[in-house]
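Line order of the protein sequences matches chains L and G.
Each residue of the first sequence is one higher than the last, beginning at 0 in numbering that gives the first Met the number 0.
Each residue of the second sequence is one higher than the last, beginning at 0 in numbering that gives the first Met the number 0.
Think of the CB as a built atom: it goes at the ideal place given N, C-alpha and C, for glycine as much as any other residue.
There are 2 protein chains.
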Amino acid sequence: MTAEIIAVGSELLTPQRVDTNSLFLTDQLNGLGVEVVTKSVIGDDLNRLADAVRRAVSRSEIVILCGGLGPTEDDLTRDAVAAALDRKLIYHPEITEVLEQRFAQLKRKMVEVNKRQAFLIEGAEMLPNERGTAPGQWIAESDAHVMLLPGPPHEMKAMFTRHCLPRLARIVPRQVIRTLVLRVAGMPESDLDQLIAPVYKKYDNPATTILAAAGDIQIHLRARCSTEGEAAALLVEVGWPIELLLGERIYSRNGQPLEEVVGEMLRERHSTLSVAESCTGGLLGERITSVAGSSAYFLGGFITYASRMKVEWLGVPEDIIARCGAVSKETAEAMAMGARRRTGSTYALAITGVAGPDAGGEKAPVGTVYVGLADATGCSVLHRQFIGDRTRIRQFATQMALDMLRRRIAL
Amino acid sequence: MTAEIIAVGSELLTPQRVDTNSLFLTDQLNGLGVEVVTKSVIGDDLNRLADAVRRAVSRSEIVILCGGLGPTEDDLTRDAVAAALDRKLIYHPEITEVLEQRFAQLKRKMVEVNKRQAFLIEGAEMLPNERGTAPGQWIAESDAHVMLLPGPPHEMKAMFTRHCLPRLARIVPRQVIRTLVLRVAGMPESDLDQLIAPVYKKYDNPATTILAAAGDIQIHLRARCSTEGEAAALLVEVGWPIELLLGERIYSRNGQPLEEVVGEMLRERHSTLSVAESCTGGLLGERITSVAGSSAYFLGGFITYASRMKVEWLGVPEDIIARCGAVSKETAEAMAMGARRRTGSTYALAITGVAGPDAGGEKAPVGTVYVGLADATGCSVLHRQFIGDRTRIRQFATQMALDMLRRRIAL
Chain L
0 MTAEIIAVGS ELLTPQRVDT NSLFLTDQLN GLGVEVVTKS VIGDDLNRLA
50 DAVRRAVSRS EIVILCGGLG PTEDDLTRDA VAAALDRKLI YHPEITEVLE
100 QRFAQLKRKM VEVNKRQAFL IEGAEMLPNE RGTAPGQWIA ESDAHVMLLP
150 GPPHEMKAMF TRHCLPRLAR IVPRQVIRTL VLRVAGMPES DLDQLIAPVY
200 KKYDNPATTI LAAAGDIQIH LRARCSTEGE AAALLVEVGW PIELLLGERI
250 YSRNGQPLEE VVGEMLRERH STLSVAESCT GGLLGERITS VAGSSAYFLG
300 GFITYASRMK VEWLGVPEDI IARCGAVSKE TAEAMAMGAR RRTGSTYALA
350 ITGVAGPDAG GEKAPVGTVY VGLADATGCS VLHRQFIGDR TRIRQFATQM
400 ALDMLRRRIA L
Chain G
0 MTAEIIAVGS ELLTPQRVDT NSLFLTDQLN GLGVEVVTKS VIGDDLNRLA
50 DAVRRAVSRS EIVILCGGLG PTEDDLTRDA VAAALDRKLI YHPEITEVLE
100 QRFAQLKRKM VEVNKRQAFL IEGAEMLPNE RGTAPGQWIA ESDAHVMLLP
150 GPPHEMKAMF TRHCLPRLAR IVPRQVIRTL VLRVAGMPES DLDQLIAPVY
200 KKYDNPATTI LAAAGDIQIH LRARCSTEGE AAALLVEVGW PIELLLGERI
250 YSRNGQPLEE VVGEMLRERH STLSVAESCT GGLLGERITS VAGSSAYFLG
300 GFITYASRMK VEWLGVPEDI IARCGAVSKE TAEAMAMGAR RRTGSTYALA
350 ITGVAGPDAG GEKAPVGTVY VGLADATGCS VLHRQFIGDR TRIRQFATQM
400 ALDMLRRRIA L
């Protein structure tokens with residue numbers, strides 16, 4: 000079985016907007032063993048939309064439309080699907096009643112135009128909208144099933160999960176899709192691919208996708224089988240050699256981001272952490288505290304952007320900054336030691352570097368990053384040279400710092 | 000003239016990937032006065048792809064395909080377009096030569112399979128790829144122009160800008176599209192829309208799009224006219240009443256984000272800033288320092304996540320925390336005053352709040368945020384109650400803080 004997703008709305012054809020509803024729907028459909036074979040975005044244009052629906056229904060068993068169910072004249076999904084399937088639109092007074100109650104609950108007055116939402120395509124089942132006013136519709140059409148869902152993501156997700164998934168589960172032949180997600184820090188994508196391609200290239204199933212961000216690579220292995228057991232066995236067959244090749248560079252096997260993995264390690268060991276940041280300006284603290292419950296291990300940090308602050312707050316000796324520079328091994332070490340001394344944390348991470356685009360010099364060109372890690376045994380410093388814009392370099396630097404801590408704790 | 004964009008590649012049909020190339024292309028096409036009327040994503044499937052191209056060519060003057068130009072068997076764009084247009088694929092040995100040179104430069108050996116990239120569709124012009132190996136193609140087909148571009152964004156963007164834009168500029172009837180972007184902080188989307196809808200709803204041109212993020216709303220007015228003068232006049236006609244209605248809530252008229260606007264204000268006044276963050280954990284510092292050159296006005300900050308750090312680093316009196324709580328007007332004030340005292344900055348911003356999802360109590364439920372702003376005249380504190388998840392509440396809080404500073408400086 001295959002599926003097509005059609006996002007409706009001219010606002011999705013502007014340079015500012017992407018359709019993200021289809022990512023949720025794809026994930027849900029994949030979970031049932033259904034592949035999405037085409038996605039499209041169509042503006043508020045009756046003919047184009049009807050044409051797209053007609054073609055989708057002719058070649059895929061599942062067709063999902065999102066958006067265009069509102070009360071205004073721009074909302075054409077109902078009309079377009081009715082035209083495509085050559086069915087009438089029928090007014091349902093009982094839906095108007097429900098809408099009126101809905102508006103009363105929201106303490107708003109329902110205006111006449113909202114009655115447009117009470118039209119169902121001939122033969123359609125109404126899908127209740129618990130989170131908004133526009134009802135959805137479910138239509139069986141010869142070999143295909145067509146769903147009309149609202150555009151706002153929280154309405155769409157609730158309606159799909161509650162009313163479409165159970166219906167789809169009865170229709171779709173049972174198939175299992177299982178995914179293994181390995182995450183790797185601090186390795187260039189090309190090096191990683193060269194290492195593991197000989198393993199995964201031999202297999203169409205599981206399908207392998209590699210997603211690379213700054214200092215962070217995700218390897219997705221997706222197995223499609225008829226039983227859980229087969230899928231699990233296939234993921235081991237391909238995943239295990241990859242895990243052996245990558246070794247301790249893998250920081251998570253369940254999709255968790257690095258800040259969560261490090262947070263769990265700290266929590267388990269009743270250890271605490273503090274940070275001192277220069278070029279990352281708070282990003283490291285932000286990532287660590289993005290994890291709910293991080294107050295259990297994160298004490299706090301210093302954003303020592305000006306050199307004076309490094310001296311005053313962290314006790315970095317002025318002559319080290321004068322002699323070695325604010326971006327240097329020595330400064331990173333003194334920052335980490337200072338942060339640990341000032342907080343009494345088990346570990347302290349310090350980052351100093353040149354994020355660019357300006358500044359940087361012969362000693363420390365743009366992209367230079369030093370990370371210091373202090374604990375009871377002393378302090379070690381790593382140096383890296385990154386390539387990219389300001390955002391990427393800052394991302395690289397925090398990834399490098401968190402991974403350095405992960406490896407230290409894991410020792 | 001209208002355009003359609005087709006993104007090719009099965010990896011774009013997974014739950015992890017969105018096609019973003021089309022956003023760049025839409026922006027470029029809009030700049031020429033061309034509307035994008037349909038976007039689609041098609042997997043590596045020859046028939047579906049050929050069918051999509053056939054239909055696109057039959058109804059739009061500009062058809063752009065991205066991806067599927069690589070050397071492997073999955074790369075089907077050349078074959079699909081040839082099939083759709085009923086043209087032959089012709090081998091060009093001179094392209095192979097260029098490819099061989101390219102590989103030699105990259106110190107890689109060209110393998111036989113790369114010769115697939117040397118096939119051009121009958122009648123196509125080759126578009127050189129300065130950033131990669133896959134050449135693009137430009138085909139004139141009766142009323143339509145079809146472009147085959149590579150998938151990697153940096154290759155696609157360079158090729159489009161250098162080789163497609165000049166060709167399109169000769170074809171597209173001259174039309175001007177100008178955009179006014181107003182950004183507004185700290186106003187719920189529904190309140191804003193209620194206020195300004197009576198103005199913009201009267202106009203189809205300029206088209207109005209409202210994009211809302213946590214505490215940050217963008218209003219895009221896009222005017223399509225035959226001359227610059229008409230477009231400018233239209234933007235004033237609609238934009239000016241909107242500006243009057245929103246008044247000082249507008250923080251930028253050119254799309255600049257709030258941290259840049261505040262940064263420029265500080266720089267112009269030779270003022271400096273420091274921060275003290277609790278629930279935002281570094282996000283405020285991160286936003287301020289995301290602006291290149293922020294070291295001119297940003298001194299540094301304290302991430303006082305644990306209460307003890309608020310006392311030790313910022314001198315928040317212990318009895319204030321005990322009596323009023325770490326999330327309180329009094330603590331926010333003491334944090335801001337402390338940060339200013341410890342850094343000597345002109346302004347100091349402090350944030351304390353409950354980002355959730357856990358904790359929070361009767362006094363300070365999840366979503367409570369206090370922002371303190373200290374300067375030479377003393378300290379003021381604002382209190383807000385936000386709704387949303389951890390990420391949104393932290394975003395709201397930093398937006399509120401930056402906007403509070405903007406309004407203070409603008410006084």
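Exposure label - residue i; buried when at least 16 CB within 10 Å
i	result
M105 of chain L	The sequence as given places Leu at residue 105 of chain L; Met does not occur at that position. That one is exposed.
R169 of chain G	exposed
I89 of chain L	exposed
Q116 of chain L	buried
S225 of chain L	exposed
Q100 of chain G	exposed
G343 of chain L	exposed
G254 of chain G	exposed
T160 of chain L	exposed
R252 of chain G	exposed
S238 of chain L	Checking the displayed sequence, the identity of residue 238 of chain L turns out to be Gly instead of Ser. Flag for G238 of chain L reads buried.
Cβ shell of residue i (< 6 Å), same chain only, five flanking positions each side left out
i	result
W137 of chain G	E124, L126, M146
E317 of chain L	V310
M264 of chain L	I408
D18 of chain G	A6, L11, V40
I241 of chain G	I195, V198
V261 of chain G	L401, L404, R405
D374 of chain L	Y346
Beta-carbon proximity of residue i to residue j, cut-off 8 Å
i	j	result
L283 of chain G	A354 of chain G	no
N20 of chain L	I176 of chain L	no
L298 of chain G	Y304 of chain L	yes
A291 of chain G	D142 of chain L	no
T345 of chain L	T271 of chain L	yes
I209 of chain G	E188 of chain G	yes
L257 of chain G	R405 of chain G	yes
G371 of chain G	I392 of chain G	no
Three-state class that DSSP yields for residue i in the structure shown
i	result
E121 of chain G	coil
A182 of chain G	Looking at the sequence shown, residue 182 of chain G is not Ala but Arg. Looking at R182 of chain G - three-state DSSP - the assignment turns out to be strand.
D402 of chain G	helix
L298 of chain G	strand
S289 of chain L	coil
G355 of chain L	coil
I4 of chain L	strand
L372 of chain L	strand
L381 of chain G	strand
I41 of chain G	strand
V310 of chain L	helix
T303 of chain G	strand
T397 of chain G	helix
T367 of chain G	strand
Close-in-space but distant-in-sequence residues of the same chain around residue i (CB under 7 Å, 5 per side omitted)
i	result
A157 of chain L	E129, R130
R383 of chain G	V368, M399
S57 of chain L	none
E154 of chain G	N128, R130, G131
K108 of chain G	F102
Nonlocal neighbours in the same chain, by C-beta distance under 8 Å from residue i, ignoring five residues either side
i	result
A81 of chain G	K87, L88, I120, E121
R248 of chain G	V183, A184, G185, M186
Any non-hydrogen atom of the ligand GTP within 7 Å of residue i CB
i	result
D85 of chain L	With respect to the ligand GTP, the structure shown offers nothing to examine, as it has no ligands at all.
- What alpha helix (DSSP H) runs, 4 residues minimum, are completely inside the region 52-109 of chain L? 76-84, 92-104
- In the region 192-274 of chain G, which residue ranges form an unbroken alpha helix (DSSP H) of at least 4 residues, counting only runs that do not cross its ends? 227-245, 257-267
- Item | beta strand (DSSP E) runs contained entirely in the region 111-181 of chain L, provided each spans 3 or more residues | 118-120, 124-126, 135-140, 143-148
- Task: With a floor of 3 residues, list each beta strand (DSSP E) that falls wholly inside the region 313-357 of chain G, ordered by position along the chain.
- Result: 346-352
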